[in-house]
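When you line the sequence shown up against numbering that gives the first Met the number 0, it's residues 0 to 53, in that order.
Even for Gly, the Cβ is constructed at its ideal location relative to N, Cα and C.
Only a predicted model underlies this, so the values are computations on that prediction, with no experimental measurement involved.
Presented below is the structure to which this report refers.
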Amino acid sequence: MPKSLPLVDMSEPVCCAPVAAGPVDDEAALEIALRLKALADPARVKLMSLLFSS
Numbered sequence: 000m001p002k003s004l005p006l007v008d009m010s011e012p013v014c015c016a017p018v019a020a021g022p023v024d025d026e027a028a029l030e031i032a033l034r035l036k037a038l039a040d041p042a043r044v045k046l047m048s049l050l051f052s053s
């Protein structure tokens, strides 16, 4: 049975810090991971931000 994903409230502004600004902190990584199910893990988001900012 397919897993259902939570809906995102589109009435709220979705705004993230630029990736090139530097590595993201734990809280921001969790927020981004929740929005980007393809990454699904805050540690992966932090790793990607480190790669993009270097």
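Asked                                                                                  : Found
S52 to S10 span [Cα, whole Å]                                                          : 30 Å
Buried or exposed by the 16-neighbour rule on C-beta atoms within 10 Å, applied to K45 : buried
Inter-residue spacing [alpha-carbon to alpha-carbon] between S3 and M47                : 26 Å
L33 in three-state terms, based on DSSP                                                : helix
Boundaries of the alpha helix (DSSP H) in which L50 is found, first to last residue    : P41 to S52
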